[in-house]
Every structure is written in structure tokens, then in C-alpha cells.
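>
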Amino acid sequence: MLRLPMREAAAAAALVVGLLAAAPLWLGAAEPVTFTTEYLNDPANIELGRKLWGTRCAFCHGRMAYPGKAPRLDPSRYTPEFVYDRVTNGFRGMPSWKHEFNEAERKAIVAYVMSPDFSN
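For the sequence shown, the positions run 267 to 386 when the numbering used here is used.
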């Protein structure tokens, strides 16, 4: 059995606690985000999301979300947090976009998908 002096044991315990607290970040889990009505209805956020959708998402989901090689989207069944998680972490054949888009851009895509402007 390895015995550490009190100071080293405390440092080791702090390191383990810190690593466990950071685990969701390096395991790929998204930081929790909150969407306000104001954010989702902001025309600037929706417009940025529309532009970003056209650069990447439309390739699989289609220009207006369908037809494309990806499933048809039905935002009326989704929460903004659900959409953000899928954009950030991917799902099945859909890749994660967290390395392509920063948080603000991923949130803007959510604003567009959840907006009345989004049509499928």
C-alpha cells in the first residue's frame, strides 16, 4: 500500500476531484445552455443561424431541411436545448459540430431551426 504524506494526499485528492468535475468537458458533453425567448426571437441570431445552416447543414438536411440525405426535421417536437445538443454532439450519422462552430454560432443555428422562418 502506498502511503503519502498528508500534503501530497490532499493534493492528489484535489487533482482527482478536479478531473472528475471536468470529465463532462473532455468526454464531449456540452455545457448546459439556456435559451430565452428574447434570444430565440432576435432577428440577428436567426439570420446568423440561417447563414450557417446554408454553409453546412443544408448539405445533408436540404436547403429547406428536406429533402436531403438526413432525416426530415420537425422543430415543433424539439426543445432548443435538444437541438443545441444534437448540433454540438451529433447523433448517429450526424457529426458533432462543436469543432466547426463556436458556441454562439451553434446557438444561432438553434435560433434559426426553432424560428418560424425555418421551413421543412
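Even for Gly, the Cβ is constructed at its ideal location relative to N, Cα and C.
Use the C-beta contact count for residue 327: other C-beta atoms within 10 angstroms, 16 or more gives buried, fewer gives exposed.
When all chains shown are included, residue 327 counts as buried.
> Rounded to the nearest angstrom, how far is the Cβ of residue 350 from that of residue 322, given a contact under 8 angstroms?
With a Cβ gap of about 15 angstroms, residue 350 and residue 322 do not count as contacting.
> Please report the straight-line C-alpha distance between residue 381 and residue 366, rounded to a whole angstrom.
Each residue's alpha carbon lies about 22 angstroms from the other.
> Would residue 410 be called buried (16 or more neighbouring beta carbons within 10 Å of its own) or exposed?
A query on residue 410 cannot be resolved here, the shown segment of the chain reaching from 267 to 386 and no further.
> Can you check the stretch 321 to 353 for any alpha helix (DSSP H) of at least 4 residues that lies completely inside it and give the ranges in chain order?
Entirely contained in the stretch 321 to 353, the alpha helix (DSSP H) runs reaching 4 residues are, in chain order, 324 to 327.
> Buried or exposed: residue 368, going by 16 or more other Cβ atoms within 10 Å of its Cβ?
Exposed, because fewer than 16 other Cβ atoms sit within 10 Å of the Cβ of residue 368.
> Indicate the three-state DSSP secondary structure (helix, strand or coil) for residue 304 in the structure shown.
Looking at residue 304 - three-state DSSP - the assignment turns out to be helix.
> I need the straight-line Cα distance from residue 307 to residue 377, nearest angstrom please.
Straight-line Cα distance between these residues: approximately 7 angstroms.
> Is there at least one non-hydrogen atom of the ligand GDP closer than 7 angstroms to the beta-carbon of residue 309?
No copy of the ligand GDP appears in this structure; indeed no ligand is present at all.
> Which residues share a DSSP beta bridge with residue 357?
Beta-bridge pairing links residue 357 to 360.
> Let me confirm a value: residue 310 is counted as buried when at least 16 other C-beta atoms fall within 10 Å, else exposed. Which label applies?
The residue in question, residue 310, is exposed, as its Cβ has fewer than 16 Cβ neighbours within 10 Å.
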